[in-house]
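Heads up, the thing below is written out as structure tokens.
In our numbering, the protein residues as written are 14 to 108.
As structure tokens, then:
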């Protein structure tokens, strides 16, 4: 990956974080039900638990997600580990 010196430009991973109906009109995820596991490209990290990512299936959109819900492997919270904050810290900082 190329980018600014000292920074990765993105980290690829997965999330099971729900995308709410309000965010996309028709919505993808139903309240109270498990969200789909989707591929993500994490673009930035705020240093305190939030990332900005592009999410599979949502073209040309970026979402703020909890860093604890972004995983290096496909899976669900509790079954796979989140991407370590040390790795996320290599991304550009979200303010």
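The beta-carbon is built from N, C-alpha and C at its ideal position, and this holds for glycine as well.
Bear in mind the structure is a predicted one, so any value in this text is a computation, not a measurement.
Does DSSP put residue i in a helix, in a strand, or in coil?
i           : result
residue 81  : helix
residue 22  : coil
residue 95  : strand
residue 75  : strand
residue 106 : strand
Using the Cβ count rule (16 or more neighbours within 10 Å means buried), how would you classify residue i?
i          : result
residue 29 : buried
residue 61 : exposed
residue 26 : buried
Alpha helix (DSSP H) containing residue i: first to last residue?
i          : result
residue 98 : 98-101
What are the partner residues of residue i, as DSSP defines its beta bridges?
i          : result
residue 54 : 25 and 67
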